[in-house]
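Visitor: From first to last, the protein sequence lines are chains E and Y. No gaps in the numbering here: position 158 of the first sequence is 171 in this note's numbering, and each next residue is one more. No gaps in the numbering here: position 213 of the second sequence is 226 in this note's numbering, and each next residue is one more.
There are 2 protein chains.
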Amino acid sequence: MTVHPKVSPASDPTKSDHVVPRARVPEDRVVPEATVARLAVYLRVLGEVAATGSETVSSEDLASAAGVNSAKLRKDLSYIGSNGTRGVGYEVSRLMRQIERVLGLTQRHAVAVVGVGNLGHALAGYSGFSGRGFPLCALFDVDPDLVGIRVNGIVVEHTDRIGEVCAQRGVTIGVIATPGAAAQSVCDQLVAAGVRSILNFAPVVLQVPEQVEVRKVDLAVEMQILSFHVARRHGEFAARNGSAVPARAVGPR
Amino acid sequence: MTVHPKVSPASDPTKSDHVVPRARVPEDRVVPEATVARLAVYLRVLGEVAATGSETVSSEDLASAAGVNSAKLRKDLSYIGSNGTRGVGYEVSRLMRQIERVLGLTQRHAVAVVGVGNLGHALAGYSGFSGRGFPLCALFDVDPDLVGIRVNGIVVEHTDRIGEVCAQRGVTIGVIATPGAAAQSVCDQLVAAGVRSILNFAPVVLQVPEQVEVRKVDLAVEMQILSFHVARRHGEFAARNGSAVPARAVGPR
DNA sequence: ACCTGTGAAGATTTTCACAGCA
DNA sequence: TGCTGTGAAAATCTTCACAGGT
Chain E
14 MTVHPKVSPA
24 SDPTKSDHVV
34 PRARVPEDRV
44 VPEATVARLA
54 VYLRVLGEVA
64 ATGSETVSSE
74 DLASAAGVNS
84 AKLRKDLSYI
94 GSNGTRGVGY
104 EVSRLMRQIE
114 RVLGLTQRHA
124 VAVVGVGNLG
134 HALAGYSGFS
144 GRGFPLCALF
154 DVDPDLVGIR
164 VNGIVVEHTD
174 RIGEVCAQRG
184 VTIGVIATPG
194 AAAQSVCDQL
204 VAAGVRSILN
214 FAPVVLQVPE
224 QVEVRKVDLA
234 VEMQILSFHV
244 ARRHGEFAAR
254 NGSAVPARAV
264 GPR
Chain Y
14 MTVHPKVSPA
24 SDPTKSDHVV
34 PRARVPEDRV
44 VPEATVARLA
54 VYLRVLGEVA
64 ATGSETVSSE
74 DLASAAGVNS
84 AKLRKDLSYI
94 GSNGTRGVGY
104 EVSRLMRQIE
114 RVLGLTQRHA
124 VAVVGVGNLG
134 HALAGYSGFS
144 GRGFPLCALF
154 DVDPDLVGIR
164 VNGIVVEHTD
174 RIGEVCAQRG
184 VTIGVIATPG
194 AAAQSVCDQL
204 VAAGVRSILN
214 FAPVVLQVPE
224 QVEVRKVDLA
234 VEMQILSFHV
244 ARRHGEFAAR
254 NGSAVPARAV
264 GPR
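1) Consult DSSP for Y:Pro34 and reduce its assignment to one of helix, strand or coil.
2) Looking at chain E, is there any beta carbon in it that lies within less than 7 Å of the beta carbon of Y:Thr185?
3) Determine, using beta carbons only, whether E:Glu68 and E:Val105 come nearer to each other than 7 Å.
4) Whose Cβ in chain E lies nearer than 7 Å to the Cβ of Y:Ala194?
5) Leaving out five residues before and five after E:Leu108 in sequence, what residues of the same chain have Cβ atoms less than 7 Å from its Cβ?
6) Starting from E:Glu170 and walking both ways along the beta strand (DSSP E), at which residues does that stretch end?
7) Tell me which residues of the segment 226-249 of chain Y have at least one Cβ-Cβ distance to chain E shorter than 7 Å, keeping chain order.
8) Spatial neighbours of E:Ser113 within its chain, please: C-beta separation below 8 Å, excluding the five flanking residues on both sides.
9) Inspect the CB distances between the segment 186-199 of chain E and the segment 207-224 of chain E and report whether three or more fall short of 8 Å.
10) Does the beta-carbon of Y:Gln291 have 16 or more other beta-carbons within 10 angstroms, so that it is buried, or is it exposed?
11) Less than 7 Å between the C-beta atoms of E:Val129 and E:Leu149, yes or no?
12) Are at least three pairs of beta-carbons, each pair with one atom in the segment 131-141 of chain E and one in the segment 163-178 of chain E, less than 8 Å apart?
13) Y:Ala233: which of Y:Asp156, Y:Gly193, Y:Glu177 sits nearest, CA to CA?
14) How would you write the range of the beta strand (DSSP E) that E:Ser72 sits in, first residue to last?
15) When you check each C-beta in the segment 128-153 of chain Y against every C-beta of chain E, which residues fall closer than 7 Å?
16) With a 10 Å radius around its C-beta and 16 neighbouring C-beta atoms as the bar for buried, classify E:Arg245 as buried or exposed.
17) Residues of the segment 209-224 of chain E with a CB closer than 7 Å to any CB of chain Y: list them in chain order, please.
18) Applying the criterion that 16 or more other CB atoms from any shown protein chain within 10 Å of the CB defines a buried residue, is Y:Ser240 buried or exposed?
19) E:Val43 CB to nearest chain Y CB: under 7 Å?
20) Just the C-alpha distance for E:Leu86 and E:Gly80, rounded to the nearest angstrom, thanks.
21) Of all Cβ atoms in chain Y, is any one closer than 7 Å to the Cβ of E:Pro34?
22) Any Cβ of chain Y within less than 7 Å of the Cβ of E:Ala50?
23) Apart from the five residues on each side of it in sequence, which residues of its chain come closer than 6 Å, Cβ to Cβ, to E:Gly133?
24) Starting from E:Asp201, trace the alpha helix (DSSP H) in both directions and tell me its first and last residue.
25) Quick check on E:Val38: buried or exposed, where buried means 16 or more other Cβ atoms within 10 Å of its Cβ?
26) Who are the neighbours of Y:Leu116 on chain E, taking C-beta pairs under 9 Å?
27) Counting only C-beta atoms, is E:Thr15 closer than 7 Å to chain Y at any point?
28) I need the straight-line Cα distance from E:Val115 to E:Lys88, nearest angstrom please.
29) Output yes or no for whether 7 Å exceeds the beta carbon distance between E:Phe147 and E:His171.
30) What residue does the alpha helix (DSSP H) around Y:Asn131 start on, and which one ends it?
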């Protein structure tokens, strides 16, 4: 079941020296997963800052615009070897380039979307896709009525041709927007075609080889998490006095 | 000079005492945030198990279907005071009810979707919405061509009426599917209307009072995270000893 | 024999707080 | 003075490993 690559409980928790020499790539720093997710957010916020004409930002301002605290932001940026200037802040354009480089946005990633229903359509039309280094290169569906039509300039192919078309067009990222029942099979085909990164919108837990990175976006899960918090809010107070909603500390603006 | 347009973000000065109130269940048990997200997944998988006719599952089987390891699953379930039977496993229907109760799915949560573009349409048509205890009760848009039309049985209202309509229909969860530029303003209106849970699809970091729970779904961020992993695979470990691929297993979230 | 529930260890992430530089 | 970069502490989350019930 669980694969156990390493067994030895490792060594002394003296983190100061990275004992295991990683490959000799320039800027080889370990970027925590949690940090990666936030870097993308910082990048967008930096874009907004740049649009205002500011050439520098402080960690404080950037953090508050990104909704995190400034210590976290500084630590995140320190992982990517960034340097701002003490007493001044970060140079916006330089920092943007740095984050883009770390996120691999200096290369383009050809994207295929499988499933051209409501959601697939919306995705295909999403400008942030092609606009931001993720050119949409292929669309697939099983529905004969959809195969052959053109969406956002791309002709919809039959899912049977996933392997062939993805290989041909160098697809590196696959987006699954099919019904749940079809998702695993589609996923298998993408993986067979060499796709190693998948964004899954189908309400299914995909089983993939470990080298494949899957990100899941699940509306039902998000709604249920919100539901939990709604219930919690009511539960904490309602038990005692039966009132619907606890007094609000913040009124309408 | 400062970037933040609005009031306090979900984190800031006032946040010195940042101890997020832990999630509580009537029994005074604490459910970690990370666990809450997985409970929703377990619930779906349990549904699939139930469909096969099994009346019990082991932590091992359930975990593998949910893509997590069994120790984690058992610990998660222990937080909700669940009990399976040693030597046997968990009773499927009982466990489902328990999770539903903890997630607050025993009550209905009226949902409003703001923004009836491509994505909003897709969301409005999403069956898992109304089907699963989240009745879609209101739709809003600014576009005069959309206001008044009926989508999935719901008449689209103008966003000016968010406050009025949400209050009237008892909306507790708001979904923002507008362009980024409109999102903050829409959010403010939802909050003013008493909505305390928001699912945000707009590529913006919303600034909200701290009692409001915001979940963000951000396609660009997801793509960029995948991009990072693509780049890492190709870059760093390329020529390390010939053995297995160094990529570490990364579970969903 | 099998499988849950959980204390404790380990790993990761967040926050604090301050040294040090422009 | 103002703000970054970062050790170190704290908090959170994951995994181990086994006691204990069936």
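Where a beta carbon is used, it is the ideal one built from N, C-alpha and C, also for glycine. Nothing here was measured: the structure is a model prediction, and the numbers come from that model.
Guide: Reading off the structure:
1) Below a pLDDT of 50, predicted positions are generally treated as unreliable, and Y:Pro34, at 43, falls in that range; no measurement from the model is reported.
2) Taking Cβ atoms only, chain E reaches closer than 7 Å to Y:Thr185, which makes this a yes.
3) yes
4) Going along chain E, no residue has its Cβ under 7 Å from Y:Ala194, so there is no contact; the nearest lies around 11 Å.
5) Leu59, Ser95
6) 167-171
7) Glu226, Arg228, Val230, Leu232, Ala233, Val234, Glu235, Met236, Gln237, Ile238, Leu239, Ser240, Phe241, His242, Val243, Ala244, Arg246, Gly248, Glu249
8) Position check: residue 113 of chain E holds Glu in this sequence, whereas Ser was assumed. Correct list, in chain order: Leu56, Thr119.
9) The segment 186-199 of chain E makes contact with the segment 207-224 of chain E, as at least three CB pairs between them are under 8 Å.
10) Because residue 291 of chain Y is not part of the residues shown, which for chain Y are 14 to 266, the question remains open.
11) no
12) yes
13) Y:Gly193
14) Looking at the DSSP string, E:Ser72 is not in any beta strand (DSSP E); the run it does join, the alpha helix (DSSP H), is 72-79.
15) So the list reads Asn131, Leu132, His134, Ala135, Gly138, Tyr139, Gly141, Arg145, Phe147, given in the order they occur along the chain.
16) buried
17) Arg209, Ser210, Leu212, Pro216, Val218, Glu223, Gln224
18) buried
19) no
20) 10 Å
21) Confidence is the limiting factor: at E:Pro34 the pLDDT is only 32, short of 50, which leaves the residue's position unreliable and the question unanswerable from this model.
22) Chain Y, which has a Cβ nearer than 7 Å to the Cβ of E:Ala50, makes this yes.
23) Around E:Gly133, the same chain offers Val126, Ala190 as residues with beta carbons nearer than 6 Å, after the five sequence neighbours per side are excluded.
24) For E:Asp201, the enclosing alpha helix (DSSP H) starts and ends at 193-205.
25) With a pLDDT of 35 at E:Val38, under the threshold of 50, the modelled position of this residue cannot be trusted; read the value that follows with caution. With fewer than 16 other Cβ atoms within 10 Å, it is exposed.
26) Gln237, Ile238, Ser240, Phe241, Ala244
27) The predicted position of E:Thr15 is uncertain, since its pLDDT is 32 and thus under 50; a value taken from the coordinates is nonetheless stated next. Interface residue, yes.
28) The alpha-carbon atoms of E:Val115 and E:Lys88 are separated by roughly 15 Å.
29) no
30) 131-137
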